[in-house]
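K.L.:
For what it's worth, my numbering labels the leading residue of the sequence shown as 10, then goes sequentially.
From the three backbone atoms N, C-alpha and C, an ideal C-beta is built for every residue, glycine too.
Please read these numbers as outputs of a predicted model, since none were measured by experiment.
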Amino acid sequence: MKIYQPKPLFIERMRELLGKDFQDYMEILKHEPVRSIRANKLKISPEELKKRLENKGWKISQPFKDNPEIIIVEGKYINDSEKNLLTDKKDVQINNEGGDGDGGGLKQNKKLIGLEPGELGRALEHLLGYYYIQEIASMLPVLALKPKPEEFVLDLAAAPGSKTTQMVAEMQNTGTVIANEISLKRIKILASNVERCGSMNVIITKKEGISLCEKLKKEGFEFDKILVDAPCSGEGTLRSTPITYKMWNINTVKKFSKIQKNMVSSAIEILKPEGEIVYSTCTHAPEENEEVVDFILKNFDNIKIEKISLPIKCRPGITGWDRKKYNKNVIKSCRIYPQDNNTEGFFIAKFRRVK
Numbered sequence: 010m011k012i013y014q015p016k017p018l019f020i021e022r023m024r025e026l027l028g029k030d031f032q033d034y035m036e037i038l039k040h041e042p043v044r045s046i047r048a049n050k051l052k053i054s055p056e057e058l059k060k061r062l063e064n065k066g067w068k069i070s071q072p073f074k075d076n077p078e079i080i081i082v083e084g085k086y087i088n089d090s091e092k093n094l095l096t097d098k099k100d101v102q103i104n105n106e107g108g109d110g111d112g113g114g115l116k117q118n119k120k121l122i123g124l125e126p127g128e129l130g131r132a133l134e135h136l137l138g139y140y141y142i143q144e145i146a147s148m149l150p151v152l153a154l155k156p157k158p159e160e161f162v163l164d165l166a167a168a169p170g171s172k173t174t175q176m177v178a179e180m181q182n183t184g185t186v187i188a189n190e191i192s193l194k195r196i197k198i199l200a201s202n203v204e205r206c207g208s209m210n211v212i213i214t215k216k217e218g219i220s221l222c223e224k225l226k227k228e229g230f231e232f233d234k235i236l237v238d239a240p241c242s243g244e245g246t247l248r249s250t251p252i253t254y255k256m257w258n259i260n261t262v263k264k265f266s267k268i269q270k271n272m273v274s275s276a277i278e279i280l281k282p283e284g285e286i287v288y289s290t291c292t293h294a295p296e297e298n299e300e301v302v303d304f305i306l307k308n309f310d311n312i313k314i315e316k317i318s319l320p321i322k323c324r325p326g327i328t329g330w331d332r333k334k335y336n337k338n339v340i341k342s343c344r345i346y347p348q349d350n351n352t353e354g355f356f357i358a359k360f361r362r363v364k
């Protein structure tokens, strides 16, 4: 994993955010993130997928009892004879306990190594749409939104399609999901993933998010659920995309904050009474997180923030930053840090239209 030197201002901000946990955060950045996939329940049960992957020699774990579709791929087992041919591979673990991992009972001469680059994407099960390669924290916004069968749902910034296809699976391919993306290049990826996963209830649109909301409002559309997984500075993805270190700057953070406030504000205008919006980012910057939540709570009397229950450790939103004080209810939002769960960093807030 290539490491870029974090910029001093970024380090200073993270130190202020994390306090005594700052060193734990810096340490986790040195390590590769876990490899995770999401079983596509439209095509296969998580149990059957686990069995198929274990039969390939992969070591699989399902860390969340209530969400068995979330799967960690810890590596693959090989024989000593196979290992000798892989001189560039490094042992991750030696298994001395027979019968754990590959469904057939392992001998002591089995070794656990990491998957090859691209191996998850080349597997037949992936090509068949049995799973989506998706980071665990990236799955959480949909778990917070809880889309149901027959609902009318909008994914305002949908590409590459991880959360769109996840919502479709939760909706059991019923109702309708409008999946919007402004980039034609990314739409092609979105469409490919929608097709691969067998997502039949998706309508893909190509429009700038705020303009789409304005058009939908003019046409009288209202949604049961809306996901605003907004473009952001990406501070939470430093392990998977280390170049974020190099590209990060405070002006980008401020630019995204304005865009995000406008996106959520526009989405609220097309939300049904009692409808729900989940706002999420993969960044730690308060300007893009709690400041956006505070802006919404100050400017929309008909919007309330909801508590969120998620299967991993979450920290409450912070109530102030850079001499600014936020609405006390921002603590109902969730901060997810890499050092707490060995995931990417994320921020999630859930709103309900009350009248």
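Give the range of the alpha helix (DSSP H) segment to which residue 361 is assigned.
P.N.:
It is not in any alpha helix (DSSP H) - residue 361 instead sits in the beta strand (DSSP E) that spans 355-362.
K.L.:
Measuring straight from C-alpha to C-alpha, what distance separates residue 51 and residue 60?
P.N.:
If I take the Cα positions, the gap works out to 17 Å.
K.L.:
Can you tell me whether residue 166 is helix, strand or coil according to DSSP?
P.N.:
If DSSP states are grouped into helix, strand and coil, residue 166 belongs with coil.
K.L.:
Compute the distance between the beta-carbons of residue 49 and residue 127, then report whether it is under 8 Å.
P.N.:
Not a contact, by the Cβ cut-off of 8 Å.
K.L.:
Please say whether residue 39 and residue 86 have beta carbons closer to each other than 8 Å?
P.N.:
Contact flag unset, no.
K.L.:
Do you know how far the Cα of residue 46 is from the Cα of residue 221?
P.N.:
If I take the Cα positions, the gap works out to 31 Å.
K.L.:
So residue 342 and residue 299 are supposed to be a Cβ contact under 8 Å. How far apart are they, rounded?
P.N.:
Right, the Cβ-Cβ distance comes to about 7 Å (below 8 Å), so this counts as a contact.
K.L.:
Does the distance from the CB of residue 84 to the CB of residue 133 come in under 8 Å?
P.N.:
Not a contact, by the Cβ cut-off of 8 Å.
K.L.:
Measuring alpha carbon to alpha carbon, tell me which residue in 313, 231 and 347 is nearest residue 244.
P.N.:
Among 313, 231 and 347, the Cα nearest to that of residue 244 is on 347.
K.L.:
Between the stretch 276-286 and the stretch 71-81, can you find at least three pairs of beta-carbon atoms closer than 8 Å?
P.N.:
Touching, no.
K.L.:
Looking at the unbroken alpha helix (DSSP H) that takes in residue 178, where does it start and where does it end?
P.N.:
Element bounds for residue 178: 171-179.
K.L.:
From the DSSP output, in three-state form, read off residue 290 for me.
P.N.:
Reduced to three states, the DSSP call for residue 290 is strand.
K.L.:
What does DSSP give as the partner residues of residue 189 in its beta bridges?
P.N.:
In the DSSP output, where bridge partners are listed per residue, residue 189 has 214.
K.L.:
Kindly confirm or deny that the stretch 140-157 and the stretch 208-215 touch, where touching means at least three C-beta pairs closer than 8 Å.
P.N.:
With a cut-off of 8 Å, the stretch 208-215 and the stretch 140-157 do not count as touching, because too few Cβ pairs lie within range.
K.L.:
Report yes or no: do the stretch 332-342 and the stretch 232-244 share at least 3 C-beta pairs separated by less than 8 Å?
P.N.:
Too few Cβ pairs lie closer than 8 Å, so no.
K.L.:
Assuming the contact rule is C-beta atoms closer than 8 Å, residue 273 and residue 311 should be a hit. Round their C-beta distance to whole Å, please.
P.N.:
That pair is no contact at about 14 Å.
K.L.:
Give me, in chain order, the residues of the same chain whose beta-carbon lies closer than 7 Å to that of residue 309; leave out the 5 immediate sequence neighbours on both sides.
P.N.:
Result list for residue 309: 277, in chain order.
K.L.:
Name the two residues that bound the continuous beta strand (DSSP E) containing residue 84.
P.N.:
Per DSSP, residue 84 belongs to the beta strand (DSSP E) from 79-88.
K.L.:
Rounding to the nearest angstrom, what Cα-Cα distance links residue 296 and residue 188 in this structure?
P.N.:
So the alpha carbons of these two residues sit roughly 26 Å apart.
K.L.:
Which residue wins for smallest C-alpha separation from residue 23, given the options 254, 304, 281 and 147?
P.N.:
The shortest C-alpha separation from residue 23 is found at 254.
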